[in-house]
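The sequence shown lines up with residues 1 to 301 when you count with the working numbering.
All residues carry an ideal CB built from backbone N, CA and C; glycine is no exception.
Keep in mind that this is a model prediction, so the values were computed, not measured.
Only one structure is covered here, and it is reproduced in the block below.
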Amino acid sequence: MEPSLIVMAGGLGKRYGGLKQTDSFGPSGETILDYALYDAWKVGFKKIVLVINAEIEQDIKLNHLPKYHHQGEIEYVIQSLEDIPPDYSVPAERIKPWGTGHAVLVCETLIKEPFAIINADDFYGRQSFQLIHDHLVKLDSKTLSACVVGYRLENTLSGHGYVSRGVCKIDSQGFLDEIIERPQIYRKNNEEIYYINEAEEHLPLSGKETVSLNLMGFTPLFFNTLKVDFMRFLDIHLNDYTAEFYLPKALDNLIRRGLKVPVLFTEDQWFGVTYQADGPQVINELKKMIEIGIYPSNLWG
C-alpha cells in the first residue's frame with residue numbers, strides 16, 4: 001500500500017510576517033510547497049492531505065489545487081480551534097492554533113494507510129522523501145509503528161534568527177531514545193550555535209546533533225495514541241493561551257511507552273522561510289537546482 005503525505009500548512013507565519021505557505025519562490029511562481037509535492041509524487045506518495053487554516057482556504061482552492069489536478073490525489077482539511085473533544089471548550093482568549101500534533105489529528109478520517117508528515121514551508125530534499133517513502137511502504141497498517149528523518153543541525157539553520165528543532169538522542173542501534181523540542185536555536189556571528197533554555201540561559205550546541213524537522217512517519221494506529229495525548233495536553237494547558245501540542249512531544253511519548261522508532265539519517269540540506277530575509281537564499285538555492293536539472297523551470301508545465 002502506497003503511503004500518504006500530510007502537509008501542515010495552517011501556521012500563521014508570525015515570525016515571517018505573512019502567509020509563507022502561498023508565497024512564490026520559484027521562477028514560474030512556485031511555492032516551497034510546490035517543490036515538496038513534486039518530490040513526494042516523484043518518489044511514489046499516492047495521496048496528499050493539506051492541513052490549512054480558514055484564512056487561506058479560498059487561495060488554496062482557486063490557485064493551488066487546480067495546478068495539482070493531474071499530478072495525484074490531493075485533499076485538504078481545515079485546522080480549527082473548535083476541533084477538540086466535546087468535553088472541552090475553547091477559551092475566548094485562545095487565538096493561536098493548538099499545534100502540530102493537533103494538525104495531524106484533524107486528518108484522522110482521511111488517512112487509512114502509513115503516512116509521512118511535513119511542514120509546508122520547509123524544503124526537505126528528494127532523498128529525504130525517498131528514505132521515508134521506502135520505509136513506510138514496508139509497514140503493516142495494523143501495527144503501531146513510527147520513524148523520523150534526522151538532519152544534521154548545522155544543515156538546518158536560518159541566518160536571520162531563531163529556529164525550532166526537535167533535538168534527537170539516538171541509541172547504539174539507531175533508534176530514537178529521546179526527542180526534545182528546542183524552540184530558540186540560533187547561530188552567533190555566523191559561527192557558534194546556541195539554544196536558549198527555559199531559564200533564559202544561552203547554551204552551546206556543536207551543530208553535529210541530529211534534529212527533526214517534523215518529517216516523520218507513522219501507521220494509522222498513531223491517531224489513537226495522539227487523541228489520548230491531546231486530551232492530556234488540554235487537561236493541563238487548556239487555559240494557557242500560547243501552549244502548543246507539539247508533534248515531537250507525541251513522538252517522545254511513544255518512545256516512553258516502549259516503541260522502537262528508527263532514525264533515517266539524511267545529509268540533505270534544509271532551507272526554508274522562517275523569516276522574510278530567508279527569501280533570497282531560497283530563490284537562489286532553487287535556481288541552482290533548476291540549473292543542474294533536478295527540477296524543471298516550470299514544475300507543472
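Residue i versus residue j: straight-line alpha-carbon distance, rounded
| i | j | result |
| --- | --- | --- |
| ASN284 | LYS188 | 23 Å |
| ARG232 | ASP83 | 15 Å |
| ALA40 | LEU205 | 32 Å |
| HIS102 | GLN79 | 8 Å |
| GLU30 | GLY301 | 11 Å |
| LEU50 | ASN190 | 35 Å |
| TYR38 | PRO66 | 14 Å |
| GLN173 | GLU201 | 32 Å |
| GLY99 | PRO262 | 24 Å |
| GLU75 | LYS47 | 8 Å |
| PHE230 | ASP87 | 13 Å |
| PHE265 | HIS64 | 31 Å |
| HIS237 | ALA36 | 33 Å |
| THR210 | GLY258 | 21 Å |
| ASP23 | GLN71 | 21 Å |
| VAL282 | HIS160 | 13 Å |
| ALA54 | VAL77 | 9 Å |
| SER128 | ASP240 | 35 Å |
| GLY44 | LEU131 | 11 Å |
| ILE292 | THR219 | 36 Å |
| GLN269 | TYR68 | 26 Å |
| GLY17 | GLY272 | Below a pLDDT of 50, predicted positions are generally treated as unreliable, and GLY17, at 45, falls in that range; no measurement from the model is reported. |
| GLU198 | MET1 | 43 Å |
| ASP252 | GLY207 | 22 Å |
| ARG165 | GLU154 | 11 Å |
| SER4 | LEU254 | 21 Å |
| ILE185 | ILE193 | 7 Å |
| VAL149 | LEU62 | 33 Å |
| LEU176 | LYS169 | 6 Å |
| GLU304 | PHE223 | Residue 304 falls outside the range modelled here, since the chain spans only 1 to 301, and no answer is possible. |
| LYS42 | LEU299 | 12 Å |
| ASP134 | CYS147 | 12 Å |
| LEU234 | GLU244 | 10 Å |
| ILE290 | ASP278 | 19 Å |
| LEU286 | PHE25 | 8 Å |
| LYS288 | ARG152 | 21 Å |
| GLN58 | PRO85 | 27 Å |
| PRO91 | GLU267 | 43 Å |
| PRO97 | LEU81 | 6 Å |
Cβ shell of residue i (< 7 Å), same chain only, five flanking positions each side left out
| i | result |
| --- | --- |
| VAL104 | ILE6, ILE117, LEU226, LEU247 |
| ALA9 | GLN21, LEU33, LEU50, VAL51, ILE52, ALA120 |
| GLU93 | TYR241 |
| VAL106 | VAL51, VAL77, GLN79, ASP83 |
| ILE60 | LEU50, ILE52, TYR76 |
| ILE196 | GLN184, HIS202 |
Opposing strand residues paired with residue i [DSSP bridges]
| i | result |
| --- | --- |
| ARG152 | THR210 |
| MET8 | VAL51, ASN119 |
| TYR76 | LEU50 |
| GLY166 | GLU181, SER212 |
Backbone secondary structure at residue i - three-state DSSP
| i | result |
| --- | --- |
| MET216 | strand |
| GLU308 | The structure shown does not extend to residue 308, since the chain is modelled only from 1 to 301, so the question has no answer here. |
| ARG187 | strand |
| HIS70 | coil |
| ALA146 | strand |
| SER128 | helix |
| ASP268 | coil |
| ILE196 | strand |
| VAL104 | helix |
| HIS202 | strand |
| ASP87 | coil |
| GLY17 | Bear in mind that the predicted position of GLY17 carries a pLDDT of just 45, short of 50, making it unreliable; the figure below should be weighed with that in mind. The answer is coil: DSSP assigns GLY17 none of H, G, I, E or B. |
| VAL263 | strand |
| LEU176 | strand |
| ALA92 | coil |
| THR225 | helix |
| ILE255 | helix |
| GLY26 | coil |
Chain D contact for residue i (CB, 8 Å cutoff)
| i | result |
| --- | --- |
| GLY174 | The chain labelled as chain D is not found in the depicted structure, where only one protein chain is given. |
Cutoff 6 Å; reference residue i; Cβ partners in own chain excluding five residues on either side
| i | result |
| --- | --- |
| ILE180 | VAL167 |
| PRO27 | SER297 |
| LYS345 | Any question about residue 345 goes unanswered here, given that the chain covers just 1 to 301. |
| LEU12 | Bear in mind that a pLDDT of 49 at LEU12, under 50, signals an unreliable position, so the number given afterwards is only what the model happens to contain. Same-chain partners within the cutoff: there are none. |
| ILE294 | none |
| ALA250 | GLY101, LEU226, ASP229 |
Close-in-space but distant-in-sequence residues of the same chain around residue i (CB under 8 Å, 5 per side omitted)
| i | result |
| --- | --- |
| PRO302 | Given a span of 1 to 301 for the chain in the structure shown, any question on residue 302 remains unanswerable. |
Cβ pair count under 8 Å reaching 3, the stretch 208 to 224 against the stretch 119 to 127: They touch, by the three-pair rule.
The stretch 154 to 171 in contact with the stretch 137 to 144 per 3-pair CB rule at 8 Å: no
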